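Remarks on the structure that follows.
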């Protein structure tokens, strides 16, 4: 385990990188002994500072849950990060591209919980019972650690590369639609770039939420009523640049869009 001082120093580096829109060198190259628990300690310090500064936590994101994302990143296990209220954008928002680093978009489903969800041993049935509704979402990835050679330790420390999210479309209760077969078409500037089906996320998107409940339980935490959970991408990350317009069409679940200024 890394010392508390080292954890604080890494959190300081990441805070400066977020503020200055820069990237820092790979953590694993400088701290080869760093473990997954160390990286969650870094993330928790970042989250603690956000709350102390007045930011309001509203949920969690799950990453690297699909094969396509694992192949794209070279990382073979899921991770999770925190979502604050100032990271959430409504459908049709114009978003400042410059507030993020290495900006990419992913297509996801967001679960909004109507009741608390505890682990361990959470199942998809527990998730579906706890979910008030599911809504289409775009995740905005922002990487504060250099991209090439990243490991799970780097990604977790970087709040699982969470930059922001856009929600939209038609919120639906989980018993109103077969979540495995929710599909989406992802467009950039009116050109289709990616497509995918939600079953790519661990065979059912609720499986990722159950995984998260178990991981949080191991850290003495849980998902609370009202929280948003981004369940993981079922497309590859798509790079976006200033001036780009992004739209994802989820069929009967509607569309979600944003533009980067």
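In full-length UniProt numbering, the protein residues as written are 1 to 261. The C-beta atom is built at its ideal place from N, Cα and C for all residues, glycine as well. Source: prediction; values computed, not measured.
Drop a sphere of 10 angstroms on the beta-carbon of residue i, count the other beta-carbons inside from all chains shown, and report buried for 16 or more, exposed for fewer.
i: residue 237; result: buried
i: residue 94; result: exposed
i: residue 239; result: exposed
i: residue 32; result: exposed
i: residue 9; result: exposed
i: residue 81; result: buried
i: residue 5; result: exposed
i: residue 30; result: exposed
i: residue 63; result: buried
i: residue 104; result: buried
i: residue 149; result: exposed
i: residue 215; result: buried
Do residue j and residue i count as a contact pair if the criterion is CB distance below 7 angstroms?
i: residue 189; j: residue 245; result: yes
i: residue 107; j: residue 233; result: yes
i: residue 198; j: residue 223; result: no
i: residue 60; j: residue 229; result: yes
i: residue 257; j: residue 169; result: no
i: residue 144; j: residue 27; result: no
i: residue 36; j: residue 11; result: no
i: residue 65; j: residue 78; result: yes
i: residue 141; j: residue 161; result: yes
i: residue 185; j: residue 193; result: no
i: residue 131; j: residue 174; result: yes
Closest to residue i by CA distance: which of the options is it?
i: residue 110; options: 21, 125, 83; result: 83
i: residue 182; options: 92, 252, 156, 191; result: 252
i: residue 24; options: 101, 63, 77, 138; result: 101
i: residue 176; options: 201, 103, 161, 128; result: 128
i: residue 203; options: 46, 136, 231, 30; result: 231
i: residue 227; options: 155, 114, 16, 30; result: 114
i: residue 98; options: 184, 136, 194, 19; result: 19
i: residue 157; options: 17, 1, 40; result: 40
i: residue 196; options: 136, 147, 259; result: 136
i: residue 1; options: 21, 16, 34, 17; result: 34
*Can at least three beta-carbon pairs, one atom from the region 113-128 and one from the region 207-214, be found at a separation below 8 angstroms?*
Contact holds: three or more Cβ-Cβ distances are below 8 angstroms.
*Could you tell me whether the region 87-94 touches the region 163-170, using the rule of 3 or more Cβ pairs below 8 angstroms?*
These segments touch.
_Sequence ranges, beta strand (DSSP E) only - wholly within the region 97-139, length at least 3_ = Entirely contained in the region 97-139, the beta strand (DSSP E) runs reaching 3 residues are, in chain order, 104-113.
*What are the start and end residues of each continuous alpha helix (DSSP H) run of 4 or more residues lying completely inside the region 166-249, in chain order?*
Segments of the alpha helix (DSSP H) lying fully in the region 166-249: 205-218.
*Enumerated in chain order, which unbroken segments of the beta strand (DSSP E) with a length of 3 residues or greater are wholly contained in the region 21-85?*
Here the runs fully enclosed are 57-63, 79-84.
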